[in-house]
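Colleague: One structure coming up, written as structure tokens, with questions to follow.
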Amino acid sequence: MEGVNEKENEEVEAQKHSGPSELGKWAEIQDMLKKRVITEDDFPWRLPSLQSQHQQLRYVGGVDVSVSKEDPSMACGSLVVLDLHHALRLVYQCHTVLTLDVPYVPGFLAFREAPILVHLLEKMKSTASPFYPQVLMVDGNGLLHPRGFGLASHLGVLANLPTIGIGKNLHHVDGLTRSGVKELLEAEENRTKDLITLRGSSGFIWGVAMRSTQSSLKPLFVSIGHRISLDTAIKVVKMTCKFRVPEPIRQADIRSRKHLRKHQIGRLE
DNA sequence: GCGACAG
DNA sequence: ATCTTGTCGC
């Protein structure tokens, strides 16, 4: 009977940023699209192995959006594809500079970034490039999200592509907190483990905290995006980690930054 | 009531 | 997210 729940708080918050009840509508859209998420392996390829007469995973994509600090309405979205068969060599990259009007609101990142990324994917698909990604890594969470539908899942459903969510920070959900996870990682029993299952107080497994490199104390937060199981997602992430951040994400990040700077200098007066 | 809150 | 060079160490 107390009408003051989290949803309403979000709506109040929304009006400060995106107009009346915007967040409520966004949450409805998320709940709707979430019904289409597939949380098991759903693709024709297999993980790379010595002998396999099946199609193998080879082209792994990564996406990122960079924003200019001096002009927060200016952004650059990037899509890169790396070749798993050739030491993660870059085989495709595409960038688009545009103005952003949608603000960043925690829990609603997709409404800010997904349209840009969908555009990049559609553009690539229309060229019939042989490098179209078999799986896409996204800088943002998948199931690890207040409503179980973060950017990686959102993009996966819209593009109908297997996606993996990669968070560099934990988004608090279901009793999981940064300090709590930090203590888990430092617990004696987990000292040497590189994977910590993120089980919330509800019992649901939201993803894993992963030490992607031996030298990295700070974990990566991996979750299912769409059309892939958590186990497979973890394996793909491990295969692409030269440094803490997996190469597809890292390359997209580096290149979108660089592209944005170049674009700004080009139109500087 | 206050704080927390992916990028 | 963004501002940013050098620097400490394997």
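Numbering (UniProt numbering), first residue to last: 1 to 269.
Backbone N, C-alpha and C fix where the C-beta goes; we use that ideal spot for every residue, glycine too.
Remember, it's a predicted structure, so these values are computed and weren't measured experimentally.
LEU185 and ARG178 look like a contact to me (Cβ under 8 Å); what is the Cβ gap, rounded to whole Å?
Modeller: About 11 Å separates the two Cβ atoms, so there is no contact after all.
Colleague: Which whole-angstrom value describes the C-beta separation of ARG255 and HIS95, a residue pair presumed to lie in contact below a C-beta threshold of 8 Å?
Modeller: The distance from the Cβ of ARG255 to that of HIS95 is about 7 Å, consistent with a contact at the 8 Å cut-off.
Colleague: In or out: SER223 buried (at least 16 other Cβ within 10 Å) or exposed?
Modeller: When all chains shown are included, SER223 counts as buried.
Colleague: Tell me the DSSP bridge mates of SER78?
Modeller: ASP64 and HIS95
Colleague: Return yes when the Cβ of VAL63 is within less than 9 Å of the Cβ of ILE249, no when it is not.
Modeller: Less than 9 Å separates the beta-carbon of ILE249 from that of VAL63.
Colleague: For THR197, collect the residues of the same chain with a Cβ closer than 8 Å to its Cβ; drop the 5 residues on either side in sequence, then sort them by chain order.
Modeller: ILE205 and VAL208
Colleague: Count Cβ pairs between the region 64-74 and the region 224-232 that sit closer than 8 Å; are there 3 or more?
Modeller: With a cut-off of 8 Å, the region 224-232 and the region 64-74 do not count as touching, because too few Cβ pairs lie within range.
Colleague: Once DSSP output is grouped into helix, strand and coil, what is the label at PHE221?
Modeller: strand
Colleague: When DSSP labels each residue in this structure, what does ARG89 get in the three-state scheme?
Modeller: strand
Colleague: Let me make sure I understand the geometry here. Which of SER215, GLU247 and SER49 has the alpha-carbon closest to that of LYS193?
Modeller: SER215
Colleague: What's the gap between the Cα of LEU120 and the Cα of VAL236?
Modeller: Straight-line Cα distance between these residues: approximately 22 Å.
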